[in-house]
Amino acid sequence: MSYFSMSRLTHIDVKWVNVHKGNAEFLHVSHANPYFELIIVTEGPIYLQVEQEKLTLQSGECYLLAPWEFHSGWKEIRDTAGFYWIQFAADPMLRLVEETMFPAQALQWSRFTDKDLRTGNDALIDYLLLPRKSTPVFLYALLGFAEKLHDEMANPRGYSRYRANINLMQITELLAESLLAQNHMDSSVPASYLTYRKTVNYIEEYYSHELSRDRMETSLGKTYEYICQVFKKHSSMSITAYMHQLRIQRAKYLFDNTHRTITEIALEVGYQDAFYFTRIFKKYEGVPPTHYRLKT
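Counting from 1, position 94 in the sequence shown corresponds to residue 94 in UniProt numbering; the numbering is continuous, with no gaps.
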C-alpha cells in the first residue's frame, strides 16, 4: 500500500476545487496537472485510471494523486455518480512512501521530541501519514469540510482562500486520523512525555537561575531522578547540557545585538564566573566569546 507523508510544517495552498458528475470530460479524457489532487467520491462507482492502473472507487473512497500523474475514466459511470476533486500545492512536498503494511513508525512520540527544544533541529519534524487510497472512518465530517471548501472557492468573499486552506488541512487530518483508527494505533500521549514537556518548559523559564533540585521536584511533582531520566530519554541530553545550550543561545543574541561586556553577559545568562562562561561558550560554539563577537 502507498502513503504520502506530510510534514507538520507543510504549507498547503488550495488551487482549484469542483464537483464532477457523469462522463463529460472524464471518460477517456486524460488529465495531468502540476498539483496534488485529492478525489473524494460522493457517489460511486467511479472508474478511475491512474497511469496504467485501473481503479474502481466506491462511494466514500478517497484517492490522492501526485503532481503530473495522468488520470482519466476508463469505463462509463452513471450520470449521478460523481466526486469532489481538490487540487493543491504543498511546500515542502508530500513524499510518497511505499509500504507492504502500515508503517509501525507512523506515530512514535520519542522520534519527534527534539522539536520541543528551543535549540532543537527543525529539520526533524513529525508528519501526518496520508493513505493514497482509503475509505475514511470519519467520512461525514470529511464530506462536510469538502462542501465548505467548495463553497469558499465557488463563492469567494473576504479571506476565502485562507478558510479554504484551513478546510483542506482539516480533511488531511481526518484522513491521517482514520488511518490510525483503522490500524488500531494508540495515539494517546505517554505520561512520561507530558513530564518531559513540563520539564522543558521549566528549564526554559529558569535557565538563567540555579536549577535547584528541590525547586524542580516541588514544581514538577516528581523526584529529581525521575525528571532527569525522562528528560534524557526524550531529548538524548542531560538537563545541565540543555541549560548550557539555552544560556549560550541567549548570550549569542546579546553579543549580536548589544555592546555589553563579556562579564555583563555572563551574569545575565546565569554564570557568576566569566572565565567559566568563556570555557562553556567555547565548548558549544568552537570559539571563545571574544572571537565570536569579532566575527559578528
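Ideal placement from N, C-alpha and C gives every residue a C-beta, glycine not left out. Quick caveat, the model's predicted, so the values are computed rather than measured.
Out of Glu205, Arg161, Asp116 and Thr172, the CA that lies nearest to the CA of Trp16 is found in Arg161. The Cβ neighbour count for Ala81, taken over all protein chains shown within 10 Å, is at least 16; the residue is labelled buried. Here the C-alpha atom of His209 lies approximately 6 Å from the C-alpha atom of Gly270. Cβ-Cβ distances below 6 Å link Thr199 to Ile227 and Phe231 in the same chain, with the five nearest sequence neighbours on each side left out; the list follows chain order. Secondary-structure assignment with DSSP links Ile12 through a beta bridge to Ala90. Ile280 and Lys148 have their C-alpha atoms roughly 55 Å apart. Around the C-beta of Val14, 16 or more other C-beta atoms lie within 10 Å, and the residue is accordingly described as buried.
The three-state secondary structure of Thr56, taken from DSSP, is strand. Bounds of the alpha helix (DSSP H) holding Ser160 are Ser160 to Gln182. Taking C-alpha positions only, Thr263 is separated from Glu152 by approximately 58 Å. Here DSSP, grouped into helix, strand and coil, assigns Val137 to coil.
Distance from the CA of Leu142 to the CA of Lys133, rounded to the nearest whole angstrom, comes to 15 Å. For Arg95, the beta-bridge partners assigned by DSSP are Ser5. Cβ-Cβ distances below 6 Å link Tyr84 to Val19, Ile40 and Ala146 in the same chain, with the five nearest sequence neighbours on each side left out; the list follows chain order.
Shown here for Gln170: same chain residues with a beta carbon closer than 7 Å to its own, the five before and five after excluded, namely Phe145 in chain order. Taking the CA atoms as reference points, Leu254 sits about 29 Å from Leu9.
When the five nearest sequence neighbours on each side are left out, the beta carbons in the same chain lying within less than 7 Å of the beta carbon of Gln245 are those of Thr119 and Tyr284, in order along the chain. The beta-carbon separation of Val137 and Ala181, rounded to 5 Å, stays under the 8 Å limit for a contact.
In this model, Lys75 and Leu27 are separated by some 6 Å (Cα to Cα).
Straight through space, the alpha carbons of Trp68 and Pro34 are spaced by roughly 5 Å. Residue burial annotation: Arg247 is buried, with at least 16 other C-beta atoms found within 10 angstroms of its C-beta. Comparing C-alpha distances from Cys62 to each of Glu51, His71, Thr42 and Asp116 shows the shortest one belongs to Thr42. Using a Cβ distance threshold of 8 Å, Lys233 and Ser188 do not count as a contacting pair. By a beta-carbon distance limit of 8 Å, Ala66 does not contact Ile12. Their separation comes to about 15 Å. In the three-state reduction of the DSSP assignment, Lys282 falls in the helix class, which pools H, G and I. Thr56 and Ala24 have their C-alpha atoms some 18 Å from each other. Only buried fits Glu37, as 16 or more other CB atoms lie within 10 angstroms of its CB. Rounded to the nearest whole angstrom, the C-alpha separation of Ile86 and Asn183 is 26 Å.
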